[in-house]
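Student:
Numbering (our numbering), first residue to last: 99 to 554.
#1: At a cut of 8 Å, does the segment 243-252 reach the segment 213-225 through at least three beta carbon pairs?
#2: Give the straight-line distance between the Cα atoms of residue 234 and residue 150, rounded to the nearest whole angstrom.
#3: Are the CB atoms of residue 530 and residue 123 within a distance shorter than 9 Å?
#4: From the DSSP output, which residues share a beta bridge with residue 255?
#5: Does DSSP classify residue 171 as helix, strand or coil?
#6: What is the C-beta distance between residue 208 and residue 247, in whole angstroms, given that I count them as a contact (C-beta under 8 Å)?
#7: Does DSSP put residue 330 in a helix, in a strand, or in coil?
#8: To which residues of the same chain is residue 250 closer than 7 Å at the C-beta, ignoring the five residues directly before and after it?
#9: Is the number of C-beta pairs between the segment 114-129 and the segment 479-496 that are closer than 8 Å three or more?
#10: Starting from residue 221, trace the alpha helix (DSSP H) in both directions and tell me its first and last residue.
#11: Helix, strand or coil for residue 198, going by three-state DSSP, please let me know.
#12: What are the start and end residues of the beta strand (DSSP E) that includes residue 159?
#13: In terms of alpha-carbon separation, which member of 489, 543, 542 lies closest to residue 525?
#14: Could you tell me which uninterrupted alpha helix (DSSP H) segments, each at least 4 residues in length, are contained entirely in the segment 403-484, listed from first to last along the chain?
#15: So the alpha helix (DSSP H) residue 556 belongs to, where does it begin and stop?
#16: Expressed to the nearest angstrom, what Euclidean distance is found between the alpha-carbon atoms of residue 459 and residue 492?
#17: Going by the CB atoms, is the gap between residue 203 and residue 258 shorter than 9 Å?
#18: Going by Cα to Cα distance, which pick from 193, 540, 393, 515 is closest to residue 131?
#19: Considering only the beta carbon of each residue, do residue 555 and residue 289 sit closer than 9 Å?
#20: Do residue 533 and residue 445 come within 9 Å of each other at the CB atom, strictly closer than that value?
#21: Out of curiosity, what's the CA-to-CA distance linking residue 518 and residue 143?
#22: Could you give the distance in angstroms between the alpha-carbon of residue 196 and the alpha-carbon of residue 239?
#23: Please determine if the segment 100-117 and the segment 406-417 are in contact, where contact requires at least 3 C-beta pairs separated by less than 8 Å.
#24: Just the C-alpha distance for residue 421 and residue 495, rounded to the nearest angstrom, thanks.
#25: Is it buried or exposed, residue 349, if we count other Cβ atoms within 10 angstroms and call 16 or more buried?
#26: Run through DSSP, which three-state label would residue 110 get?
#27: For the alpha helix (DSSP H) that contains residue 236, what are its first and last residues?
#28: Go ahead and pull the three-state DSSP assignment for residue 151.
#29: Leaving out the 5 sequence neighbours to the left and right, which residues in its chain are closer than 8 Å to residue 388 when beta-carbon positions are compared?
#30: Which residues bound the beta strand (DSSP E) around residue 544?
#31: Going by beta carbon distance, what residues of the same chain come within less than 6 Å of residue 200, once the five residues before and after it are set aside?
#32: Buried or exposed: residue 471, going by 16 or more other Cβ atoms within 10 Å of its Cβ?
#33: Within a Cβ cutoff of 6 Å, which residues of the same chain sit near residue 236, ignoring the five residues on either side of it in sequence?
#34: Measuring only the C-alpha atoms, how far is residue 156 from residue 480?
#35: Identify which residue in 180, 170, 394, 448 has its Cα closest to the Cα of residue 285.
#36: How many angstroms separate the CA atom of residue 136 from the CA atom of residue 160?
Now the structure itself:
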């Protein structure tokens, strides 16, 4: 006698009740699975996007806001800081590297970050095509930004002031000279350029570049003429050729990682006083572990700036989010418990309906142990189906959540990611189903054949 086939045949007698139990158990386990996946994805995304940054220095305000805006690119900056103060902080003992950031503009909701090339090194960013910027108004874009904006090598665009699409457009045209490889980090969504480019589009021009910038602006203004449009196409071809040559040069081994640039070189104020220029933040890497204990306190107490630790603030953020995830997990467990009650009721009622059939099976020589196994196996089948349904719901829900949070800066590992902890969710269904079926199975085991046949 095939016990699984017989158990499945009995379940079909109450198909609607069985599907309801599977659905309820699946929703409960699916919610638990989705919370498990999301919490792990969130933790991995936070750690990946920190990228070895030990400290962020910016304007006074919320430390968490400073981290979200400067590290995860997911909030408005707390303000700007004078270049002179930033340079003073960067020159302090204990600072191994200080990466400047100038924010404030975007293009089609993708942020433009004025920085230096070493910023991409934090996330292992490498060029897939083109070259790095070598002058103002040249940009390198992440792969996600390239896909969603439609920009490609050699294209030009005007940046938008602010991070919303309804901001006013700057007159200056930026040119794409490079595209990055995917890194699964915040870098993929950004448009990178030099800090001088951000200063340029906000009206700060260096005299030694003034003539070049003036010619560039005149050329853009005259570009509305049809004849000049032809010249622009010719220049575009020359630029593409130049990009190709420089990309080949990079492939020969002269990548930017081999050339260390100091912040003083990158942020040369030219003819301007450092007091006239501003940055949004500095990303700091310590030169020694001792600096972690002293440097943040030094910045917060002796300067007008604010120092915030990404590790500390992200731990606090995760703790805040964790309260909500714990509530969702508890609700999922509650749904699963409700499903177990449904499985118990289903098998209990089914046992009353099938008492005659079970009695006949006993007369045919089926042992009490096999009768017990038939009932428990039904619970295991219902629980297993609920687990599979729940895992599928969990991954589907995560995919939807990733689509909603694609611009959050927290990262996404993908809905197909499998966690070892999900094995517990997968096994929970059949185990709980067997537990719910045990009481009806024990009742069937103790049933007297003579009494059952007499009643029927």
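Ideal Cβ placement from N, Cα and C applies to all residues, glycine included.
Tutor: In short, the structure shows the following:
#1: no
#2: 28 Å
#3: yes
#4: 272
#5: coil
#6: 6 Å
#7: With a pLDDT of 38 at residue 330, under the threshold of 50, the predicted position of this residue should be treated as unreliable, and no value is reported.
#8: 244, 274
#9: yes
#10: No alpha helix (DSSP H) holds residue 221; DSSP gives it neither H nor E.
#11: strand
#12: Where residue 159 is concerned, there is no enclosing beta strand (DSSP E), given that its DSSP letter is neither H nor E.
#13: 489
#14: 408-451, 453-461
#15: With the chain covering 99 to 554 only, the question about residue 556 has no answer from this structure.
#16: 41 Å
#17: yes
#18: 515
#19: Since the displayed the chain opens at 99 and closes at 554, residue 555 lies outside it and no answer follows.
#20: no
#21: 18 Å
#22: 22 Å
#23: no
#24: 19 Å
#25: Note that residue 349 scores 40 on pLDDT, short of 50, meaning its location in the model is unreliable and no value can be drawn from it.
#26: helix
#27: No alpha helix (DSSP H) contains residue 236, which is instead part of the beta strand (DSSP E) from 236-239.
#28: coil
#29: 192
#30: Per DSSP, residue 544 belongs to no beta strand (DSSP E); it is in the alpha helix (DSSP H), 520-544.
#31: 212, 293, 296, 377, 378
#32: buried
#33: 273, 275
#34: 56 Å
#35: 170
#36: 26 Å
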